[in-house]
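Notes for the one structure printed next.
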Amino acid sequence: MPRVYIKTFGCQMNEYDSGKMRALLGQGGYVATEDVDDADLVIVNTCSIREKPEQKLASFLGRVLPIKRRRPLTVAVAGCIAQMSGSKLLKQFPTLDLVFGPDSVGRVQSLVDAAQTRRVVDTEFHSDTASYPFPSDLDPDASGRIGALVTIQKGCDNKCTFCIVPSTRGVEVSRPIDEVLAEVRALVARGVRELTLIGQNVNSYGVKLEGHPGFAELLHRVHAVEGVEVLRYLTSHPRDMGPDVVACYRDLPRLASHLHLPVQSGSDRVLRRMKRFYTREVYLDLVRNLKAARPDLVLTTDVIVGFPGETDEDFEATMSLLEEARFEGSFSFSYSPRPGTPALRLLEDAVPPAVVSARLERFQSRQREIQLEAHASLVGHVLPVLVEGPSAHDEGVVCGRTSGFKMVNFPGSHTMMGEWVPVRITRGFANTLRGEAV
Ligand code: SF4
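The numbering used here puts the first residue of the sequence shown at 857, with every later residue one more than the last.
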């Protein structure tokens, strides 16, 4: 049987697309392999949010393409870099066979077939968004896992000035509720207990669907599926998070006590330049309402440091927002100019790299302290942990997550996998907790 090796860079959306490709290629007879040297087909699913993944792609292809000199091998680049660069990638890498964007994932088998006889580029967006084909096949690699991703939406209609996603994933299309529910039920039937609904801006879910079901309605419907024990979602836009979604944290007990709510900056001036369409006060009000609905809610966020024109005062506003919101984790990065994004026009106000690095270091160091403080305060508490499996590092230790998405390691055995175990926290590190089953 032919073997496919899929290398995934980037976000959960890419993880999910890679799973769909494994499923679709599986129907065509391909078996997934973890060993690139064993593969007949290699697909690199790329990300273009920051510059690093582009460098990673070049270095990965630099290792894989020479294999083609020794034996037959089909090599494809998929995902956001493929969408942005299209046929330029074929010129840059003369032995590359296939380039296709995120909208073509459902056609992966026919594209791979076509690439056996000619070099292929497919970066067309699906033009009829009303009939956008969300693949329903399940990732064979997800079997036996406790958690799974389910896409509810593709693309984004926002135009945040730093973001490349609207160009790489196209306009926003929501997946019909019945399709989402069917996939959730199929995953639960396979033993999945924790579902994460994914989309670029889940809070605008359904605005173009018939009957306009909102995201809150979707949360209620998925929450009601028997067997769903933990419900999570990614990613939210603070502007679009309405009171009905906030109320879900009061009304839906299996909705996880963790919310990733990207803020990007604590300065209203920077938020305006980013075209985020909310203010610091609106964001903090939302945080207060969420905590009123679910007092133990764990908040995490995304922050961009050194956006063009960011002054010392703007950065201090981000630091003070970190104190007020008490994020228990954040993805913080220095601003990375992306091709074709509106923020490129602001580059004459670019912040000097040394200033950006110093600010980022200060933000991350304070973030780490807050995490340590939050985790120290959990020592002695008993938290329910859904066990995911053995620890990758310690023999005789298992790991799992709390509802608040805290990773907890504790002595245990594989028989605990998929079980809720009450764990007394004995030690807090910056990113994980240590404990013992009680
Ligand atoms: S909402 Fe998110 S995906 Fe959409 S443009 Fe803004 S940052 Fe990008």
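Yeah, the Cβ is synthetic: ideal placement off N, Cα and C, and Gly gets one too.
With distances taken from CA atoms, which of the options is nearest residue i?
| i | options | result |
| --- | --- | --- |
| proline 1118 | Ser1186, Arg1025, Ser1269 and Asn1145 | Ser1186 |
| valine 976 | Asp993, Phe956 and Asp995 | Phe956 |
| proline 991 | Gly885, Val887 and Leu881 | Leu881 |
| glycine 866 | Leu913, Thr889, Ala971 and Pro1094 | Leu913 |
| isoleucine 899 | Glu871, Glu1169, Lys908 and Ile905 | Glu871 |
| aspartate 896 | Lys908, Gln911, Val968 and Ala1072 | Val968 |
| glutamate 1028 | Glu1050, Asn1057 and Ser943 | Asn1057 |
| tyrosine 1061 | Leu1051, Leu1074 and Thr1052 | Leu1074 |
| alanine 1004 | Thr1024, Thr1052, Arg1041 and Val1021 | Thr1052 |
| histidine 1021 | Lys947, Gly1162 and Cys903 | Note that residue 1021 is valine in the sequence shown here, rather than histidine. When only C-alpha atoms are compared, the closest one is Cys903. |
| alanine 998 | Val931, Ala1042 and Arg1031 | Ala1042 |
| phenylalanine 1219 | His1231, Gly1260, Ala1181 and Thr1174 | Thr1174 |
| arginine 1150 | Ala1045, Gly935, Tyr1134 and Cys1104 | Cys1104 |
| valine 964 | Arg1283, Thr1271 and Val860 | Val860 |
| glutamate 890 | Thr864, Gly884 and Glu907 | Thr864 |
| tyrosine 1089 | Glu1050, Leu1065 and Gln1120 | Glu1050 |
| proline 1164 | Pro989, Gly918, Ala1232 and Gln1120 | Gln1120 |
| phenylalanine 1285 | Gln1227, Glu1085, Gly885 and Lys1131 | Gln1227 |
| leucine 1202 | Thr1135, Arg1136, Pro909 and Met1130 | Met1130 |
| glycine 1260 | His1270, Val1154 and Met1273 | Val1154 |
| aspartate 893 | Leu1037, Lys908, Phe916 and Arg906 | Phe916 |
Can you name, in chain order, every residue of its own chain whose Cβ lies under 6 Å from the Cβ of residue i, other than the five neighbours on each side?
| i | result |
| --- | --- |
| arginine 1280 | Val1238, Gly1291, Glu1292 and Val1294 |
| proline 1198 | Thr1017 |
| phenylalanine 1171 | Arg1215 |
| histidine 1068 | Gly1062 |
Helix, strand or coil for residue i per DSSP?
| i | result |
| --- | --- |
| arginine 1257 | strand |
| lysine 1262 | coil |
| threonine 1167 | coil |
| aspartate 891 | coil |
| proline 972 | Looking at the sequence provided, one finds glutamine at residue 972 rather than proline. If DSSP states are grouped into helix, strand and coil, glutamine 972 belongs with coil. |
| serine 1269 | coil |
| asparagine 1145 | helix |
| phenylalanine 990 | coil |
| isoleucine 862 | strand |
| phenylalanine 1187 | strand |
| threonine 1304 | Since the first residue of the chain shown is 857 and the last is 1294, residue 1304 is not available in this structure. |
| alanine 1286 | coil |
| aspartate 1158 | strand |
| histidine 1249 | coil |
| serine 1030 | strand |
| glutamate 1085 | coil |
| isoleucine 1002 | coil |
| leucine 1051 | strand |
| threonine 985 | helix |
| alanine 1080 | coil |
Counting only the same chain and skipping the five closest in sequence on each side, list residues whose C-beta sits under 7 Å from that of residue i.
| i | result |
| --- | --- |
| glycine 1026 | Asp959, Phe981 and Gly1011 |
| leucine 1142 | Pro1094 and Met1097 |
| leucine 1200 | Pro1193 |
| arginine 1001 | Val1048 |
| phenylalanine 1071 | Val1058, Asn1059, Tyr1061, Gly1062 and Val1101 |
| isoleucine 1160 | Phe1018, Gln1120, Ser1121, Phe1189 and Tyr1191 |
By the 10 Å Cβ neighbour count, where 16 or more other Cβ atoms means buried, how is residue i classified, buried or exposed?
| i | result |
| --- | --- |
| lysine 1262 | buried |
| methionine 857 | exposed |
| threonine 973 | exposed |
| glutamine 1167 | The sequence as given places threonine at residue 1167; glutamine does not occur at that position. The residue is exposed, with fewer than 16 neighbouring Cβ atoms inside 10 Å. |
| serine 1092 | buried |
| glycine 1122 | buried |
| histidine 1116 | buried |
| arginine 1128 | exposed |
| arginine 1222 | exposed |
| arginine 1046 | exposed |
| arginine 927 | exposed |
| glutamate 1225 | exposed |
| proline 1066 | According to the sequence displayed, residue 1066 carries glutamate and not proline. Per the 10 Å Cβ criterion, exposed. |
| threonine 930 | buried |
| glycine 1268 | buried |
| threonine 1315 | Any question about residue 1315 goes unanswered here, given that the chain covers just 857 to 1294. |
Excluding sequence positions up to five away, which residues of its chain have a Cβ less than 8 Å from the Cβ of residue i?
| i | result |
| --- | --- |
| valine 1264 | Leu1239, Val1241, Cys1255, Gly1256, Arg1257, Thr1258, Val1279, Ile1281, Thr1288, Leu1289, Arg1290 and Gly1291 |
| serine 1247 | Val1253, Val1254, Cys1255 and Asn1265 |
Who does residue i pair with in a DSSP beta bridge?
| i | result |
| --- | --- |
| aspartate 978 | Phe956 |
| glutamate 802 | Residue 802 lies beyond the residue range present for the chain, which begins at 857 and ends at 1294; the question has no answer from this structure. |
| aspartate 1096 | According to DSSP, which records beta bridges pairwise, aspartate 1096 is partnered with nothing at all. |
| glycine 935 | Thr902 |
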